[in-house]
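Following: one structure in structure tokens, then a few remarks.
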Amino acid sequence: MIRGLGNKKPKIAESAFVSEAAYVIGDVEIGDNSSVWPGAVIRGDFGSIKIGNNTAIEDNCVIHSGTPSAHIGDVAIGDKVHIGHGAVINCRRIGNNVLIGMNSTILHDAEIGDFCIIAAGCLVRQGMQIPDNSFVAGVPGKIKGKASPEQLWWVKEGPQAYAELVKQYKQQGL
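So for the sequence shown, the numbering used here puts the first residue at 1357; every next one is plus one.
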């Protein structure tokens, strides 16, 4: 379901895929060849959310900007980002070529650099600054070192795999 809120209406690239079972509302922009899967909620009601190109938002993710008591900031998600099932995103920025593992939580004002891996179930604390090429894991999340080529495989291969899946869904009218 795609809904405007006040004078803010989602802008979704023609080549993007948004499942009919996803909910996108307000000041949201979704780039070329990106995908939003069933159960995902993207709420641009307290601030804007910009999702780059070739980015996959998997099932049951929540992406939200700001809070009802204080506008903490807009959310910018880069190109070739893969956000795993059930992740909760309420941060300032996620760079390009990033994998956010399943059921991770990224809190307000956090910033994640390019070519990062955030492990499944990780809690990235409010305001945490994660430099490029980092591997982060744990609760609370800690930088464990540099992301390895093996860890970055999904960042490299995921966008193409999801682009093919989107084609299949669109061909079948899903």
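Where a beta carbon is used, it is the ideal one built from N, C-alpha and C, also for glycine. Since we're looking at a predicted model, the values are computed, not measured.
Delimiting residues of the beta strand (DSSP E) encompassing residue i
i            : result
residue 1521 : Counting along the chain, residue 1521 falls outside any beta strand (DSSP E), though it belongs to the alpha helix (DSSP H) covering 1509-1527.
residue 1400 : 1397-1407
residue 1491 : 1490-1493
residue 1432 : 1431-1433
residue 1498 : 1498-1502
residue 1382 : 1379-1386
residue 1455 : 1454-1456
residue 1438 : 1437-1439
residue 1420 : 1418-1420
Spatial distance of residue i from residue j (CA atoms)
i            : j            : result
residue 1500 : residue 1493 : 7 Å
residue 1400 : residue 1366 : 8 Å
residue 1484 : residue 1474 : 13 Å
residue 1356 : residue 1445 : The first residue shown for the chain is 1357 and the last is 1530, placing residue 1356 beyond what the model contains.
residue 1513 : residue 1433 : 18 Å
residue 1391 : residue 1487 : 26 Å
residue 1374 : residue 1408 : 14 Å
residue 1415 : residue 1396 : 5 Å
residue 1411 : residue 1515 : 7 Å
residue 1435 : residue 1468 : 13 Å
residue 1528 : residue 1376 : 13 Å
residue 1525 : residue 1369 : 16 Å
residue 1502 : residue 1518 : 25 Å
Neighbourhood of residue i by C-beta, 8 Å cutoff - its chain only, sequence neighbours within 5 removed
i            : result
residue 1510 : 1438, 1455
residue 1476 : 1440, 1457, 1458, 1459, 1460
Spatial neighbours of residue i in its chain, beta-carbon cut-off 6 Å, leaving aside the 5 residues before and after
i            : result
residue 1384 : 1366, 1398, 1400, 1405
residue 1381 : 1359, 1361, 1399
residue 1431 : 1405, 1421
residue 1371 : 1388, 1389
residue 1379 : 1357, 1397
residue 1466 : 1447, 1480, 1484
residue 1363 : none
CB contact check: residue i to chain B, cutoff 8 Å
i            : result
residue 1518 : Absence of chain B from the displayed structure is noted, only one protein chain being present.
Cβ distance (whole Å) where residue i is taken to contact residue j below 8 Å
i            : j            : result
residue 1443 : residue 1417 : 5 Å
residue 1479 : residue 1457 : Residue 1479 to residue 1457, Cβ: 11 Å. No contact.
Beta-carbon contacts of residue i that lie in its chain and below 7 Å, excluding the five residues immediately before and after
i            : result
residue 1507 : 1473, 1491
residue 1393 : 1375, 1378, 1413, 1414, 1415
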